[in-house]
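According to the working numbering, the sequence shown is numbered sequentially starting from 1. Where is the CB? At the ideal position from N, CA and C, for every residue including glycine. All figures in this text were calculated on a predicted structure; none of them were measured in a lab. A short worksheet on the structure shown next.
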Amino acid sequence: MMGKLGRNKLSSGGVDPYIAAVNCWPLLDHAERTSVPFVTFNRIDASDRDFGSGIVGTLLVVRFIGRNMASDVRISAVEKTVDVVRTLDALDGATATQVAEELDVPISTAHDYLQSLETVGMVTRINQMYQPSLRFLKYGEAQKRRIDEFVKGEEVMQDLAAKTDEHISLIVEERGRCVLVHVEEGENSVSFRSYPGIEMYMHATAPGKAMLAAMRDEEVAAVLDRYGLPQMTPNTITDRETLLTEIEEIRETGVATDTSELIEDLYCVGAPIHNRQSDRISALSICIPTARAKEESYRQEIQNAVMEFANIIQVNVNYS
Numbered sequence: 001m002m003g004k005l006g007r008n009k010l011s012s013g014g015v016d017p018y019i020a021a022v023n024c025w026p027l028l029d030h031a032e033r034t035s036v037p038f039v040t041f042n043r044i045d046a047s048d049r050d051f052g053s054g055i056v057g058t059l060l061v062v063r064f065i066g067r068n069m070a071s072d073v074r075i076s077a078v079e080k081t082v083d084v085v086r087t088l089d090a091l092d093g094a095t096a097t098q099v100a101e102e103l104d105v106p107i108s109t110a111h112d113y114l115q116s117l118e119t120v121g122m123v124t125r126i127n128q129m130y131q132p133s134l135r136f137l138k139y140g141e142a143q144k145r146r147i148d149e150f151v152k153g154e155e156v157m158q159d160l161a162a163k164t165d166e167h168i169s170l171i172v173e174e175r176g177r178c179v180l181v182h183v184e185e186g187e188n189s190v191s192f193r194s195y196p197g198i199e200m201y202m203h204a205t206a207p208g209k210a211m212l213a214a215m216r217d218e219e220v221a222a223v224l225d226r227y228g229l230p231q232m233t234p235n236t237i238t239d240r241e242t243l244l245t246e247i248e249e250i251r252e253t254g255v256a257t258d259t260s261e262l263i264e265d266l267y268c269v270g271a272p273i274h275n276r277q278s279d280r281i282s283a284l285s286i287c288i289p290t291a292r293a294k295e296e297s298y299r300q301e302i303q304n305a306v307m308e309f310a311n312i313i314q315v316n317v318n319y320s
């Protein structure tokens, strides 16, 4: 189905681990798949991975066990539309010809999808180059402001940034992935590529491991079964038993750490936040250069700070 970029290439590690994390395309890799017949619809055949022109369709029902990973009904036309948008993002804009090459579809089909997306305002075109529109920003920002942990935690994060002068992040678990929701920068904050909406593997980050520790064992197993333990840096934990042992330790201490496990030369700590109303798990994180993490006293200081302020957000979310 995929062309030059392909699912495997998009999921491989590279110079920027965040790009690899965002573009992993993992949704069907570890799923149980079941095909069932459904009513026909015009032109698109959901059982034909290359678009096709048949009228008999098939739904792919994907079953996952665990938090935010309920059964999904998969429709080919929707998947192809998302594939087009993801391709535009991965290529930093593209022509219809480039999209067709990457997705292994006729140029006319790629053009139809791009024109449809342009018509509904989800894609913009400059000359012959298409790119995702800023309407995605509108929807993302609106959803961010529906997240209680952000609404009731933004000022807390600002206070933590002022206290530590470091990089502060709010991460939410969604479908077994870490999603960065908000960042506050302190005066000495390290500069690295991060922005709201970016996704990361849970096993490779301190906030991700903190959230795994807050989950039930069967939920942890479901996440690891679905995504595996891809290596992002030489320090990433790739052995399941080693990770599970660390998760047990995090449950005891209440704080997770990672040293260059997602991004080299970066030390991060994370503490979980449990929204009891929505049963959502999130985490507060502090990241510093490893050069500033050499002193045990400072590592302990920021670990204590992240636990204290995560607890404040949790109380605000659940009781205010």
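Which two residues bound the contiguous alpha helix (DSSP H) that contains residue i?
i: aspartate 89; result: 76-90
i: proline 207; result: 206-214
i: methionine 307; result: 296-319
i: glutamate 252; result: 240-253
i: leucine 224; result: 217-227
i: tyrosine 113; result: 107-119
When you compare only the Cα positions, how much space is there between residue i and residue j?
i: serine 285; j: glutamate 185; result: 12 Å
i: leucine 243; j: glycine 93; result: 38 Å
i: valine 183; j: serine 169; result: 5 Å
i: glutamate 141; j: isoleucine 171; result: 15 Å
i: phenylalanine 64; j: aspartate 225; result: Unreliable placement is indicated for phenylalanine 64, whose pLDDT of 37 sits below 50; the coordinate value is still reported in the next sentence. Spanning the two alpha carbons is a distance of roughly 10 Å.
i: aspartate 258; j: aspartate 217; result: 21 Å
i: leucine 103; j: arginine 86; result: 11 Å
i: valine 317; j: proline 272; result: 13 Å
i: serine 194; j: tyrosine 267; result: 15 Å
i: valine 62; j: glutamate 79; result: Because the pLDDT of valine 62 is 32, which lies under 50, any placement of that residue in the model is unreliable, and the number read from its coordinates should be weighed accordingly. When rounded, the distance between both Cα atoms is 13 Å.
i: isoleucine 107; j: alanine 221; result: 42 Å
i: threonine 81; j: glutamate 308; result: 43 Å
i: arginine 43; j: serine 116; result: Bear in mind that the predicted position of arginine 43 carries a pLDDT of just 30, short of 50, making it unreliable; the figure below should be weighed with that in mind. If I take the Cα positions, the gap works out to 15 Å.
i: alanine 77; j: aspartate 83; result: 10 Å
i: threonine 253; j: methionine 211; result: 13 Å
i: proline 234; j: tyrosine 298; result: 24 Å
i: serine 278; j: isoleucine 147; result: 10 Å
i: alanine 161; j: proline 289; result: 15 Å
i: valine 120; j: glycine 197; result: 22 Å
i: isoleucine 247; j: isoleucine 126; result: 48 Å
i: glutamate 249; j: glutamate 149; result: 25 Å
Could you give the residue range of the beta strand (DSSP E) that holds residue i?
i: glycine 270; result: 266-275
i: arginine 177; result: 177-185
i: alanine 256; result: 256-259
i: tyrosine 201; result: 199-201
Below 8 Å on the Cβ atoms is my guess for residue i versus residue j; work out the distance and round it to an integer in Å.
i: lysine 152; j: serine 320; result: 6 Å
i: alanine 213; j: arginine 251; result: 5 Å
i: methionine 129; j: threonine 164; result: So it is not a contact: roughly 42 Å between Cβ atoms.
i: valine 156; j: isoleucine 313; result: 5 Å
i: glutamate 166; j: threonine 205; result: Not confirmed; about 16 Å, so no contact.
i: alanine 110; j: alanine 100; result: 4 Å
i: histidine 203; j: isoleucine 237; result: 6 Å
i: glycine 208; j: methionine 200; result: 6 Å
What does DSSP give as the partner residue(s) for residue i in the beta ladder?
i: isoleucine 168; result: Glu184, Ile286
i: glutamine 131; result: Thr124
i: alanine 94; result: Tyr130
i: arginine 146; result: DSSP, once it has assigned bridges, lists no residue as partnering arginine 146.
i: glutamate 101; result: Answer is none; glutamate 101 lacks a bridge partner.
i: glutamate 173; result: Cys178
i: arginine 280; result: Asn275
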